[in-house]
Amino acid sequence: MCAFKFTQDPPKVNTLLVSLRIRSSLSHHIMIRTLPRKLKLKNITNGTLIQKSSRFYATVGGRSRLEGKVAIITGSASGLGKATAHEFVQHGAQVIIADTDTKLGPQVAKQLGPSAQYVECDVTVEAQIEEAVNVAITNYGKLDIMYNNAGITGPISPPSITELDLDEFDKVMRINVTGIISGIKHAARVMIPKGYGSIICTSSISGLFGGLGPHPYTISKSTIPGVVKSVASELCGVGIRVNCISPAAIPTPMSLTQVGKFLPGFTQEQIAEVVSGLGVLKGAKCEDIDVARAALYLASDEAKFISGHNLIVDGGFTSFKNFVFPSPDKTV
C-alpha cells in the first residue's frame, strides 16, 4: 500500500486532486508541444502525420470496414461461414463462397447479391483450393482475406481412445487441419507478391480444454493455434497477418445435428436452447454473429498490428474453473 506523508496540515482532498490534474495536464501539454522538436517531425502541426495514420481508424458502425477488399470464405454455405460472408459483404467486400454444398452455396451467393459468387471447393482437395484462389485473382486481381472456416466435428462416439477409428480420425484431420494449411498455402502464394493480406482460421475452445468434444475434433482444433503461430512467424516478415478464432458452442446446423444425437425427441429449438445455455456469461449467449464480427475485426485494418493471435470468443468460459466443495451438512 502507498501512502502520502504531509509535513504540514494536509490540503483538502479536492484541492489536492485539482493540483494533480493541473500538473498532469501541463506535463502532457508540454510533452506534446516539444515532441516535434525532439523527434524532428515535420508537418505534425498541420495534421499530415495524423492523416497518415487515421486511415486505420474506422467507425465500428460504418459499412466500409472492408471496402474494396476481396475475401474467400471456406465452409460458407451455412453456419459461421455464412454469417461471416454476410457481414463481410455488408462492410464492402467482394466475397467468394467456397463450399462443397452445390445447392446451398449458390443460394447464399444469390442472397448476398452481386458482391458474392459461389465456387465449389472441397478443402481436402488442394487443387480445388488453388482454383478458388485463382478465381479471386482472375475476377478481382487480388486476394486480401482468406478465411479458412470449413470444418467438421467427426463421429461423436465411441468416446474411448481405445476404440478410436483411425480412418475417421484421418478424415477429420484432413478437413480441419490439412484443409486449413492448404488454404494458408495458396493464399500466401498470391499475397506474398503484394506484401499484404489477412489469413484467418476457425479453431474452437475444444482445442483449449480436453473433454469438450470427441478426440478427433479436440485434437484437430488444438492444432490450429500452433499452425497459426508457425505460419505467422514467417509471413509477418512480408506484411501478411495470420490469426485464428476459437468460439464457444454455438447453435449452428452442424452443432445442432451432433448434439441432437444425445437428445432424442428434442425439437431443433430445444436443442438450440441447450447449446446456448452452455455459456457462463450472464445475460448473453454466443451466436454466429459474434464470430462473424470477430472475423470482420481480424480481416480489417483495425487489426493491422495483430498476428499470431488466437481470439477466444467464449464469454469467459475458458478463463476459469471453480472448485466444487461438498456442502457442510454432507461432510463427515
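Numbering (full-length UniProt numbering), first residue to last: 1 to 332.
Where a beta carbon is used, it is the ideal one built from N, C-alpha and C, also for glycine.
Compute the Euclidean distance between the alpha carbons of residue i and residue j, then round it to the nearest angstrom.
i	j	result
ASP314	LEU104	28 Å
ALA187	ILE240	10 Å
PRO158	ASP165	9 Å
ASP99	PHE266	29 Å
LEU208	SER222	6 Å
LYS110	LEU212	36 Å
GLY154	GLU87	28 Å
GLY68	LYS142	10 Å
SER255	THR162	25 Å
PRO328	VAL280	26 Å
SER77	GLU302	Strictly speaking, residue 77 in this sequence is Ala, with Ser absent from that position. Looking at the two C-alpha atoms, the distance is approximately 27 Å.
GLY197	ILE137	13 Å
SER233	GLU269	43 Å
THR257	LEU263	10 Å
SER300	PHE325	46 Å
TYR140	GLN94	9 Å
GLU168	VAL108	29 Å
ARG174	GLU126	11 Å
LEU278	GLY316	12 Å
PRO106	PRO253	18 Å
For residue i, which residues of its own chain have a beta-carbon under 6 Å away from its beta-carbon, when the five flanking residues on both sides are left out?
i	result
SER64	GLY92
Give me, in chain order, the residues of the same chain whose beta-carbon lies closer than 7 Å to that of residue i; leave out the 5 immediate sequence neighbours on both sides.
i	result
SER276	PRO251, LYS285
GLY183	THR74, VAL123, ILE129, MET146, ASN148
LYS261	ILE156
VAL238	ILE192, GLY195
VAL172	ILE152, GLY154, PRO216, TYR217, SER220
LEU235	ALA188, VAL242
Could you check how far apart the C-beta atoms of residue i and residue j are, in whole angstroms? I think they sit under 8 Å.
i	j	result
VAL291	PRO247	5 Å
VAL119	ILE96	5 Å
ILE72	ALA150	Going by Cβ atoms, the distance from ILE72 to ALA150 rounds to 11 Å, so no, they are not a contact pair.
VAL228	ASN310	7 Å
LEU80	THR202	7 Å
THR84	ALA249	That belief does not hold up - the Cβ atoms of THR84 and ALA249 are roughly 17 Å apart, past 8 Å.
On the criterion of 16 or more Cβ atoms from any shown chain inside 10 Å, does residue i qualify as buried, or is it exposed?
i	result
ALA272	buried
ARG55	Residue placement at ARG55 cannot be trusted, given a pLDDT of 43 that sits under 50; what the coordinates show is reported in the next sentence. Its Cβ having fewer than 16 others within 10 Å, ARG55 is exposed.
THR102	exposed
residue 333	Past the boundaries of the shown model lies residue 333; the chain is included only from 1 to 332, so the question cannot be answered.
SER204	buried
SER220	buried
ASP144	buried
PRO193	exposed
PRO214	buried
SER307	buried
PHE305	exposed
SER160	exposed
LYS282	exposed
Between residue i and the ligand NAD, is the CB less than 6 Å from at least one heavy atom?
i	result
ILE271	In the structure on display, the ligand NAD does not appear, and there are no ligands present to speak of.
Residues in the same chain with beta-carbon distance under 8 Å from residue i, minus the five sequence neighbours each way, listed in chain order, please.
i	result
GLY210	THR218
VAL89	VAL95, LEU112, GLY113, SER115, ALA116
Practice problem: Examine the Cβ distances between the region 178-195 and the region 281-290 and report whether three or more of them are shorter than 8 Å. | Solution: no
Practice problem: Indicate whether the contact test is met: 3 or more Cβ pairs, each with one atom in the region 101-116 and one in the region 305-324, closer than 8 Å. | Solution: no
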